[in-house]
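Report on the structure given below.
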Amino acid sequence: MQDLNDLYYFAKVVEAGGFAAAGRLLGIPKSRLSRRIAELEDRLGARLLQRTTRQLTLTAVGERYLRHCQAMLLEAEMADEAVASMSSEPRGRLRVSCPVGLASRSCRSW
């Protein structure tokens with residue numbers, strides 16, 4: 001199985017418009033990003049990005065792959081949010097019961 005970080009890196013490189021900008025955004029050297037994307041392309045057997053000295057453009061395969069990467073990243077984010085919402089502050093109705101005498105003494109001001 002491939003490293004899912006490579007999908008994230010690929011999406012960030014495209015989003016940032018290049019390896020240098022993505023490297024700054026992620027705090028990773030651009031050489032490492034470039035190597036990881038090249039390894040991803042080798043594993044897939046397809047060129048995802050057309051690189052020139054001045055610009056970076058998506059190939060047709062890259063465009064399609066990017067859509068899938070973005071969908072997977074969105075699903076992962078939604079999964080994190082679902083877990084976070086379940087483990088955050090307790091919600092719902094709280095019912096408290098106690099003897100009438102205690103309630104009348106303790107809750108007079110309410």
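For the sequence shown, UniProt numbering assigns the number 1 to the initial residue and increments by one for each residue that follows.
Where is the CB? At the ideal position from N, CA and C, for every residue including glycine.
All values derive from a computational prediction rather than experimental measurement.
Shown here for Thr-53: not one same chain residue has a beta carbon closer than 7 Å to its own, the five before and five after excluded. Looking at Arg-43, Ala-103, Arg-51 and Leu-102, the one whose alpha-carbon comes closest to that of Ala-20 is Arg-51.
Annotation: Asp-80 to Ser-87 spans about 11 Å, alpha carbon to alpha carbon. Val-13 counts as buried, since no fewer than 16 other beta carbons sit within 10 angstroms of its beta carbon.
Beta-bridge pairing by DSSP links Gln-50 to Thr-57.
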